[in-house]
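Residue numbers (this note's numbering): 2 to 327.
Glycine residues also receive a C-beta, built at the ideal position from the N, C-alpha and C atoms.
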Amino acid sequence: MSVLNGSSILVTGATGSFGKAFLGYALANLDPQRIVVFSRDELKQYEVRQMFGDDPRLRFFIGDIRDKDRLARAMHGVDHVIHAAALKQVDTAEYNPSEFIATNINGSQNVVDAAINAGVQRVVALSTDKASSPINLYGATKLVADKLVIAGNHYAATHPTRLSVVRYGNVMGSRGSVVPFFRKLNAEGKSLPITDKRMTRFWITLDQAVKFVVDSFDVMQGGELFVPRIPSMRILDLVEAVAPDAPTHEMGMRPGEKLHEEMIASDDSRRTLRFPDRYVVQPVVASWGYKTPEGGELVPDGFNYRSDNNDLWLEVDEMRDLIKEP
2 MSVLNGSSIL VTGATGSFGK AFLGYALANL DPQRIVVFSR DELKQYEVRQ MFGDDPRLRF
62 FIGDIRDKDR LARAMHGVDH VIHAAALKQV DTAEYNPSEF IATNINGSQN VVDAAINAGV
122 QRVVALSTDK ASSPINLYGA TKLVADKLVI AGNHYAATHP TRLSVVRYGN VMGSRGSVVP
182 FFRKLNAEGK SLPITDKRMT RFWITLDQAV KFVVDSFDVM QGGELFVPRI PSMRILDLVE
242 AVAPDAPTHE MGMRPGEKLH EEMIASDDSR RTLRFPDRYV VQPVVASWGY KTPEGGELVP
302 DGFNYRSDNN DLWLEVDEMR DLIKEP
């Protein structure tokens with residue numbers, strides 16, 4: 002049984018792709034006392050209410066993580082927090098850096114402060130592959146956010162609150178992902194744009210991401226960066242799985258884009274443990290009683306976890322089964 006069972010949970014950014022998938026999973030499997038749906042878009046909150054039929058366990062809070070007072074009110078009586086709210090578009094960040102700093106960095110610090118002040122037990126913040134060795138502003142803001150969440154354990158040491166981070170790559174099938182985009186273009190008879198034919202990406206589904214986050218609540222001590230062990234795929238194999246024989250054209254790398262995803266940098270290898278289902282990057286300094294978990298194997302010095310050097314790969318037929326429409 003998960004520590005989330007029967008508890009009061011708050012999800013920031015709960016009307017996004019992950020949030021909606023988590024709400025469905027939690028209502029069906031975790032018997033929550035209540036789930037606070039915290040987001041700033043009233044239309045999306047209305048759509049979520051329609052989706053779940055006004056389930057009385059859902060409590061809807063219009064609010065922005067930039068507003069510390071609103072977060073404090075929303076977290077009253079909350080046991081656990083999933084911090085999923087963020088600005089995420091790489092190109093948008095380059096044109097609007099101050100807005101990304103205000104939400105991804107300052108907003109994350111507000112979540113940490115509000116959770117500690119409210120006596121929340123556990124917080125898991127969602128990160129991104131772009132926070133590892135960042136080359137764009139979005140990734141840089143998420144790296145800072147990761148460090149703020151982990152550092153929150155230092156000044157929460159005498160409080161019950163513990164905070165950890167989950168990092169994974171692009172979610173296949175989420176809003177804005179490449180699979181529905183390719184399907185749409187193929188249905189219109191258009192050529193599919195390929196950034197670079199050498200490109201590789203990690204593969205994780207929304208359901209897998211939700212389950213991984215839930216499981217992380219059960220094993221966390223606070224201060225860990227959890228990374229799932231998931232397969233990689235080649236972009237040309239994905240095209241073949243989605244739209245066999247569709248015409249393609251190569252458009253080149255966009256600003257801030259990487260050829261391969263990275264979730265653990267080589268400089269973090271000396272702190273990284275490998276488990277059957279995940280990697281755990283341990284905190285640099287832990288003043289809150291953190292202990293190295295049992296059962297993990299220290300990865301080799303210089304190890305990095307990238308989509309092109311992965312030991313798990315998806316073939317075309319496997320991808321086709323995973324993306325099959327109901």
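Helix, strand or coil for residue i per DSSP?
i, result
"T201", "strand"
"A126", "strand"
"I324", "coil"
"Y291", "coil"
"V180", "helix"
"K282", "As written in the sequence, residue 282 is Val, which differs from the Lys given in the question. If DSSP states are grouped into helix, strand and coil, V282 belongs with the strands."
"S3", "coil"
"E298", "strand"
"R58", "coil"
"L31", "coil"
"R275", "strand"
"S134", "coil"
"S8", "coil"
"I66", "coil"
"R255", "coil"
What number of angstroms, rounded off, separates the C-alpha of residue i from the C-alpha of residue j?
i, j, result
"I10", "P248", "46 Å"
"N107", "D114", "11 Å"
"S1", "L207", "The chain is shown from 2 up to 327; residue 1 falls before or after that span and cannot be answered."
"G224", "L315", "31 Å"
"Y47", "D309", "41 Å"
"D56", "G20", "15 Å"
"S210", "D219", "Checking the sequence shown, residue 210 turns out to be Ala, not Ser. Roughly 15 Å separates the two Cα atoms."
"T201", "L237", "9 Å"
"A85", "R71", "16 Å"
"G303", "F213", "26 Å"
Mind checking who residue i pairs with in its DSSP beta bridge?
i, result
"T13", "F39, H84"
"H261", "T201"
"H250", "P194"
"M173", "T206"
"Y306", "I265"
"S233", "F203, W314"
Within 10 Å of its beta-carbon, does residue i have 16 or more other beta-carbons around it, so buried, or fewer, so exposed?
i, result
"G190", "exposed"
"T104", "buried"
"E263", "buried"
"D318", "exposed"
"H77", "exposed"
How would you write the range of the alpha helix (DSSP H) that residue i sits in, first residue to last?
i, result
"H155", "138–156"
"L239", "236–243"
"P98", "98–101"
"V228", "Here V228 belongs to no alpha helix (DSSP H); instead the beta strand (DSSP E) covers 226–229."
"R74", "69–75"
"S109", "108–119"
Could you please give the first and the last residue of the uninterrupted beta strand (DSSP E) stretch that includes residue i?
i, result
"S165", "163–169"
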